[in-house]
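Taking it in order: structure first as structure tokens, then the write-up.
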Amino acid sequence: MKIPVVLSVVHVAIDADGVMTVDVDGVPRESEQGRTRGDLRAVIDEITSDIGAPVRVEVREADGSTYADIATPPGSSAPAAAESSPNSPSPALAGSGFQPGEEVALAYVVVRQNADAEGNASLNLPPALLAAARGGLVLFGMTSRTVAPFEAPA
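The opening position of the sequence shown corresponds to residue 2 in this note's numbering, with each subsequent residue numbered one higher.
Printed below as a string of structure tokens:
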């Protein structure tokens with residue numbers, strides 16, 4: 002599965018009666034009338050299957066609360082390796098100055114937030130991202146260069 006650089010955004014508004022209105026990147030999604038909160042998974046599966054790629058889903062409840070997550074097409078697994086011909090060299094990222102045998106990690110900044118007055122930070126991540134990357138996340142202080150393992154709330 003190819004993952005686009007920019008994900009399409011599925012906006013879901015759920016009214017006080019539990020009825021949903023859905024749009025994809027601002028374009029209303031034509032679907033059966035009266036779809037309710039219980040149909041959300043089926044609607045998202047429909048959209049991701051049609052697009053053939055993951056999407057960001059933003060849900061706004063009638064009381065104003067919002068939720069966001071990343072959804073992938075049904076039956077998809079981890080992203081497939083980039084397609085290349087067997088004879089072409091795969092691109093590599095290289096560096097030096099490491100200790101022999103040292104594990105080297107590549108990190109991707111997903112979100113940034115300023116620490117509070119006591120130097121603490123608490124970041125909220127979409128559940129799908131947290132489940133997929135729980136063991137490899139670190140908090141990295143851009144100024145202090147402090148690295149702290151990410152501690153997920155219990």
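The C-beta atom is built at its ideal place from N, Cα and C for all residues, glycine as well. All values reported here derive from a predicted model rather than from experimental measurement.
Given a cut-off of 7 Å on the beta-carbon distance, is the pair residue i and residue j in contact?
| i | j | result |
| --- | --- | --- |
| Met21 | Val13 | yes |
| Ser50 | Val25 | no |
| Ala1 | Val56 | This structure cannot settle anything about residue 1, because the visible part of the chain is limited to 2 through 155. |
| Gly19 | Arg42 | no |
| Asp70 | Val58 | yes |
| Asp117 | Ala63 | no |
Where do the N-terminal and C-terminal ends of the beta strand (DSSP E) with residue i fall, by residue?
| i | result |
| --- | --- |
| Val60 | 56 to 61 |
| Val11 | 9 to 15 |
| Thr67 | 67 to 72 |
Taking just the CA atoms, how far does residue j sit from residue i?
| i | j | result |
| --- | --- | --- |
| Gly35 | Val44 | 12 Å |
| Val11 | Val23 | 7 Å |
| Val112 | Leu124 | 8 Å |
| Arg30 | Ile52 | 13 Å |
| Ser85 | Asn121 | Annotation note: pLDDT 46 at Ser85 (below 50); position unreliable, coordinate value reported separately. Going by the C-alpha atoms only, they are around 44 Å apart. |
| Thr147 | Pro74 | 37 Å |
Problem - Within the stretch 17 to 41, ranges of the beta strand (DSSP E) (whole runs, at least 3 residues) - result: 21 to 25
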